[in-house]
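Sequences listed follow chains A and B, in order. 491 is the number that our numbering gives to position 275 of the first sequence; each next residue is one higher, with no gaps. 329 is the number that our numbering gives to position 141 of the second sequence; each next residue is one higher, with no gaps.
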Amino acid sequence: MRGSASQLRRAISLGLITGAVMLYLVAVGIVLAFSARNTITGVVTLGRLMLAAPPLAAGYVVARRGTDLAPRLVAGLLLGAVSGVIVAAALLFASAVDIRHILVRISPPLLAFLAFDQDASIGALLNLALAAALGLIGAVAAVVPSRVRRPAITGVIGVVVISMLEPFLRPRLTDFKLEGVSRFLFTHKGLSIASAIVVFAIFAVGSIAWPRVRARYRARVAAADPGTQATIRGVTLLLLIVFLLALPQIAGSFLSQVLVFVGLYTLLALGLNIVVGYAGLLDLGYVAFYAVGSYLTALLTSPISSLGVGLPFWVALPIVILGAAVTGLFIGAPVLRLRGDYLAIVTLGFGEIARLLFLSDALKPWFGGTQGILGVPPLFGVAKVSVPILGWQLTGPTLTYYPLLFFCVIAAIVATRLKYSRIGRAWNAMREDEDVAQATGVNVTNYKLLAFALGASVGCLGGAVFATHLASVFPGTFNILVSITVLSIIILGGMGSIPGVVVGALALIGLPELLREFAEFKLLVYGGVLVLMMLLRPEGLLPDRVRQQELHEADEEEEPGADGGALTPAEQG
Amino acid sequence: METHAIDPQAMMGDEGGARLLLEAHKVTKQFEGLTANRDIDFDIPRNAIVAIIGPNGAGKTTFFNQLTGIYAPTSGSISFDGVDITGMQPHEVAELGIARTYQNIRLFQNMTAIANVQVGRHVRMRGQWFHAIFGTPSIRREEEEVLQRARELLELVGLRRRTENELAKNLSYGDQRRLEVARALASDPKLLLLDEPTAGMNPGETRQMTDFIGRLRRELRLTILLIEHDMKVVMGVSERITVLDYGEKIAEGEPAEIRANPRVIEAYLGKQATA
Numbered sequence: 217m218r219g220s221a222s223q224l225r226r227a228i229s230l231g232l233i234t235g236a237v238m239l240y241l242v243a244v245g246i247v248l249a250f251s252a253r254n255t256i257t258g259v260v261t262l263g264r265l266m267l268a269a270p271p272l273a274a275g276y277v278v279a280r281r282g283t284d285l286a287p288r289l290v291a292g293l294l295l296g297a298v299s300g301v302i303v304a305a306a307l308l309f310a311s312a313v314d315i316r317h318i319l320v321r322i323s324p325p326l327l328a329f330l331a332f333d334q335d336a337s338i339g340a341l342l343n344l345a346l347a348a349a350l351g352l353i354g355a356v357a358a359v360v361p362s363r364v365r366r367p368a369i370t371g372v373i374g375v376v377v378i379s380m381l382e383p384f385l386r387p388r389l390t391d392f393k394l395e396g397v398s399r400f401l402f403t404h405k406g407l408s409i410a411s412a413i414v415v416f417a418i419f420a421v422g423s424i425a426w427p428r429v430r431a432r433y434r435a436r437v438a439a440a441d442p443g444t445q446a447t448i449r450g451v452t453l454l455l456l457i458v459f460l461l462a463l464p465q466i467a468g469s470f471l472s473q474v475l476v477f478v479g480l481y482t483l484l485a486l487g488l489n490i491v492v493g494y495a496g497l498l499d500l501g502y503v504a505f506y507a508v509g510s511y512l513t514a515l516l517t518s519p520i521s522s523l524g525v526g527l528p529f530w531v532a533l534p535i536v537i538l539g540a541a542v543t544g545l546f547i548g549a550p551v552l553r554l555r556g557d558y559l560a561i562v563t564l565g566f567g568e569i570a571r572l573l574f575l576s577d578a579l580k581p582w583f584g585g586t587q588g589i590l591g592v593p594p595l596f597g598v599a600k601v602s603v604p605i606l607g608w609q610l611t612g613p614t615l616t617y618y619p620l621l622f623f624c625v626i627a628a629i630v631a632t633r634l635k636y637s638r639i640g641r642a643w644n645a646m647r648e649d650e651d652v653a654q655a656t657g658v659n660v661t662n663y664k665l666l667a668f669a670l671g672a673s674v675g676c677l678g679g680a681v682f683a684t685h686l687a688s689v690f691p692g693t694f695n696i697l698v699s700i701t702v703l704s705i706i707i708l709g710g711m712g713s714i715p716g717v718v719v720g721a722l723a724l725i726g727l728p729e730l731l732r733e734f735a736e737f738k739l740l741v742y743g744g745v746l747v748l749m750m751l752l753r754p755e756g757l758l759p760d761r762v763r764q765q766e767l768h769e770a771d772e773e774e775e776p777g778a779d780g781g782a783l784t785p786a787e788q789g
Numbered sequence: 189m190e191t192h193a194i195d196p197q198a199m200m201g202d203e204g205g206a207r208l209l210l211e212a213h214k215v216t217k218q219f220e221g222l223t224a225n226r227d228i229d230f231d232i233p234r235n236a237i238v239a240i241i242g243p244n245g246a247g248k249t250t251f252f253n254q255l256t257g258i259y260a261p262t263s264g265s266i267s268f269d270g271v272d273i274t275g276m277q278p279h280e281v282a283e284l285g286i287a288r289t290y291q292n293i294r295l296f297q298n299m300t301a302i303a304n305v306q307v308g309r310h311v312r313m314r315g316q317w318f319h320a321i322f323g324t325p326s327i328r329r330e331e332e333e334v335l336q337r338a339r340e341l342l343e344l345v346g347l348r349r350r351t352e353n354e355l356a357k358n359l360s361y362g363d364q365r366r367l368e369v370a371r372a373l374a375s376d377p378k379l380l381l382l383d384e385p386t387a388g389m390n391p392g393e394t395r396q397m398t399d400f401i402g403r404l405r406r407e408l409r410l411t412i413l414l415i416e417h418d419m420k421v422v423m424g425v426s427e428r429i430t431v432l433d434y435g436e437k438i439a440e441g442e443p444a445e446i447r448a449n450p451r452v453i454e455a456y457l458g459k460q461a462t463a
């Protein structure tokens with residue numbers, strides 16, 4: 217009985233926290249902003265889902281412990297009710313007392329939204345009941361076996377994602393003569409009830425079928441003779457390449473623009489990963505290399521820059537890479553003796569110094585001060601490329617995509633090869649214990665400089681492509697947020713993991729582009745995501761195998777069927 | 189790297205050189221007024237097992253750290269295998285052929301066992317970053333050889349095959365000690381420095397370790413320097429013992445002489461007797 221008493225105590229304290237989280241989401245205005253987006257028309261909006269996520273997730277967490285069914289469900293219900301009481305009380309309070317001069321986002325529309333367009337007292341009761349129900353549902357999710365839970369969660373995520381993609385999917389479906397599908401799926405805003413059910417079913421069935429199909433496929437491949445296996449690998453790779461090459465055509469111009477940003481940040485993150493993930497040097501001034509890559513490219517290729525030489529991009533590129541590598545050495549050399557936090561602070565300073573140098577009046581004759589450098593020619597010298605046979609017209613983002621893809625692939629290959637070589641191991645050893653690494657024979661000075669130079673070379677590629685893509689460079693672009701974002705990508709994806717970098721870039725760069733409402737709350741969401749990651753999955757979404765072992769040794773024995781890469785509802789928010 | 193198997197010839201270095209592998213002359217180390225080592229003369233003959241003992245704070249580890257380049261001596265000189273290594277960087281000393289283990293095991297905790305040994309091999313590898321990036325045949329061959337060699341070393345120190353992909357920190361205490369020795373051996377050292385290799389071990393494990401030290405000398409023809417706190421360990425295995433106390437050398441000789449030396453008894457054994 218003592219066990220269930222402590223579970224109830226835990227439910228109450230978690231409920232208080234959950235309520236506070238919900239209030240916070242409401243008070244910063246993110247919930248109302250997202251309530252403009254219908255997930256299922258007339259039924260639920262994204263804002264409502266966002267507010268529902270905390271009690272759901274907390275109910276799941278609190279009910280995961282324990283053996284008896286009833287106390288676990290009661291704990292979930294209690295937790296939801298406690299959080300509901302907090303929200304209801306806040307609603308009543310805000311309706312009675314005007315606190316808008318303190319919390320500017322608590323507007324009448326927000327209160328109306330929170331009260332479900334009812335009277336405040338009825339709204340409060342509704343909130344209480346809803347939160348309690350959500351807590352209970354979360355608890356039920358924890359109680360049911362994972363073969364039920366997993367399809368349900370996947371289905372819900374599927375519905376949310378498809379509805380979020382509506383503005384992009386609809387025009388693309390029309391372009392591909394699939395208006396029927398489009399009309400079935402989407403009302404003018406959001407999914408219809410029928411299409412939501414269909415989408416849910418497709419995703420749920422998919423999540424059941426997919427592991428089986430994959431297992432059977434893997435077993436077949438494993439049973440095949442080596443020659444066939446090599447063929448299968450080759451065909452898979454070929455299909456992947458064809459897909460990546462055709463992607464801008466499928467995605468269309470706007471999504472290609474998003475892909476270009478994702479590609480840029482993937483490239484930057486691949487470079488920073490060498491410095492932070494492999495060598496363990498926490499560099500917060502990585503934006504400097506991005507800036508150097510951009511400015512050098514602009515100087516060398518723009519006919520109206522101060523140099524005015526107007527070199528073709530591919531001729532300028534080796535000089536840009538060399539220049540960035542030298543910058544890496546310059547920034548690396550003074551910080552050789554610094555470790556950990558000190559290194560982070562000093563590199564942070566260097567990043568700002570780089571930006572201020574490009575901005576400065578003293579260097580205006582070269583870098584153009586606030587006006588930057590204009591007239592950077594497109595990457596291939598022409599703004600439009602026609603692909604024969606396929607009839608593609610590549611221009612703007614659909615054109616920039618290809619060199620970016622090329623650079624990303626090169627950077628990923630370089631990073632992988634370094635990682636599994638003498639150099640990568642020496643970096644890892646340095647990250648683990650610098651003194652011992654040195655006593656074992658690693659020349660730490662050289663290896664630190666090498667990490668900075670190689671990281672810089674990869675990062676400058678991003679800058680180079682960026683300059684040609686915008687046809688100009690401005691110092692304002694290269695602020696500290698770039699460094700922070702790139703670091704967040706690495707942390708989210710998983711330190712030292714290359715697939716993780718791609719996933720991290722898709723999540724942190726791609727998602728905000730798709731959800732315009734995000735823009736205002738981007739940093740808040742980044743912060744929240746990072747905190748959640750550190751708590752729930754410190755090794756990142758797609759971790760390096762070794763690093764996963766490092767952080768999850770203990771849990772593995774506890775729950776063998778731990779949810780793989782599936783996002784919890786809380787992370788989705 | 190020329191050899192695949194654990195070939196004694198590869199590890200013993202140049203036998204034709206002087207009789208002494210290491211010579212330290214009047215080594216003094218001062219830390220802001222505190223003299224940790226004063227005028228220490230010390231040498232190690234080739235293929236010998238010698239030990240430095242002394243009570244806590246006697247300056248043993250400071251001396252060790254000067255041999256491996258972690259500290260530069262305030263005055264005096266150290267030469268190793270005919271090369272003056274006074275004031276050299278640790279990685280340079282490692283490359284010349286001095287490898288060490290640590291009193292409180294210092295492995296690369298979050299790397300696998302095999303990767304720890306591979307890092308130990310670092311100084312004998314030639315692959316550079318550009319080789320790695322382009323995946324040249326030479327670096328592939330080298331990597332294969334190193335993997336092979338690392339596996340042999342794990343076997344030599346008695347680590348089971350399935351532990352090779354375990355993280356170092358997840359190994360048992362005894363296995364971590366073994367892994368540290370394997371990492372040190374991977375660089376084909378001429379001189380192996382063992383800092384309290386039996387610390388934290390029970391009598392059975394301690395005997396195993398001392399047997400293993402003897403085997404290393406015999407089979408790999410290594411020269412070994414032990415630092416020990418526990419007199420009993422060094423008495424059995426080493427042929428010469430140097431005793432430090434308050435940063436100075438107070439005695440040197442065969443185990444039997446040391447045991448009988450009144451100054452040692454006063455400084456060291458006396459302390460133990462009262463403890």
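C-beta: ideal position from N, C-alpha, C; glycine also.
Contact fails between the stretch 318-338 of chain A and the stretch 371-382 of chain A, because fewer than three Cβ pairs, one in each stretch, are under 8 Å apart. Not a single CB atom of chain A sits nearer than 8 Å to the CB of A387 of chain B.
Using a Cβ-Cβ cut-off of 8 Å, F268 of chain B does not count as an interface residue toward chain A, since no Cβ of chain A sits closer than that to its own. Fewer than three pairs of CB atoms, one per stretch, sit closer than 8 Å, so the stretch 438-456 of chain A makes no contact with the stretch 580-600 of chain A. For R633 of chain A, the residues of chain B that pass the 7 Å Cβ criterion are A320, I321, G323, in the order they occur in the chain. For E736 of chain A, none of the residues of chain B pass the 9 Å Cβ criterion, the least Cβ distance being about 39 Å.
Chain-order list of chain B residues neighbouring R434 of chain A: empty, with the shortest C-beta distance near 21 Å, by a criterion of under 8 Å. Inter-residue distance for A444 of chain B and E436 of chain B is about 21 Å (C-alpha atoms, whole angstroms).
Contacts with chain B (Cβ-Cβ distance below 7 Å) from the stretch 239-273 of chain A involve no residue at all. Comparing C-alpha distances from I228 of chain A to each of A:L262, A:V277, A:M266, A:A243 shows the shortest one belongs to A:V277. Each residue's CA atom was taken as its position, placing S265 of chain B and A439 of chain B some 20 Å apart.
In chain order, A599, K600 place their CB closer than 7 Å to the CB of T611 of chain A, counting only its own chain and leaving out the 5 sequence neighbours on each side.
In this structure, Q336 of chain B keeps its C-beta atom at 8 Å or more from the C-beta atom of E648 of chain A. Put simply, the CB of V307 of chain B is near chain A, with a gap under 8 Å to one of its CB atoms. When DSSP states are grouped into helix, strand and coil, S521 of chain A belongs to the coil group.
Excluding sequence positions up to five before and after E395 of chain A, its CB lies within less than 8 Å of the CB of L389, all in the same chain and listed in chain order.
Look at L359 of chain B here: in three-state DSSP terms it is coil, with no helix or strand label. With contacts defined as CB atoms closer than 8 Å, Q306 of chain B and R641 of chain A qualify as a contacting pair. The C-beta separation of G565 of chain A from G487 of chain A comes to about 20 Å, leaving the pair out of contact by the 8 Å criterion. Between the alpha carbons of T300 of chain B and A735 of chain A lies a gap of roughly 42 Å. A straight-line Cα-Cα distance of about 7 Å links S323 of chain A and R316 of chain A.
Between the stretch 670-689 of chain A and the stretch 533-544 of chain A, the count of C-beta pairs closer than 8 Å reaches three or more; the two stretches touch.
Around the beta-carbon of M389 of chain B, 16 or more other beta-carbon atoms lie within 10 Å, marking it buried. Using a 10 angstroms sphere on the CB of L739 of chain A, the tally of other CB atoms stays under 16, which defines it as exposed. Per DSSP, the continuous alpha helix (DSSP H) segment holding D399 of chain B begins and ends at 391-408. Chain order gives the chain A residues near M313 of chain B as R638, where near means a beta carbon separation below 8 Å. When C-alpha distances from G231 of chain A are compared across A:R366, A:T255, A:V303, A:G263, the shortest belongs to A:V303. Taking a Cβ-Cβ threshold of 7 Å, the residues of chain B close to G657 of chain A are H279, A282, E283, H310, V311, S375, in chain order. About 18 Å separates the CB atoms of E393 of chain B and I415 of chain B; that is not less than 8 Å, and the two are not in contact. Straight through space, the alpha carbons of I705 of chain A and G726 of chain A are spaced by roughly 11 Å. DSSP lists B:S263 as the bridge partner or partners of T216 of chain B. Excluding sequence positions up to five before and after N254 of chain A, its CB lies within less than 6 Å of the CB of T261, K405, G406, all in the same chain and listed in chain order. Counting every other CB atom within 10 Å of its CB across the protein chains shown gives I409 of chain A a total below 16, marking it as exposed.
Excluding sequence positions up to five before and after G712 of chain A, its CB lies within less than 7 Å of the CB of N489, G493, Y494, D760, R763, all in the same chain and listed in chain order. DSSP places Q277 of chain B in no beta strand (DSSP E); its state is neither H nor E.
One alpha carbon belongs to R436 of chain A, the other to T256 of chain B, and they sit about 55 Å apart.
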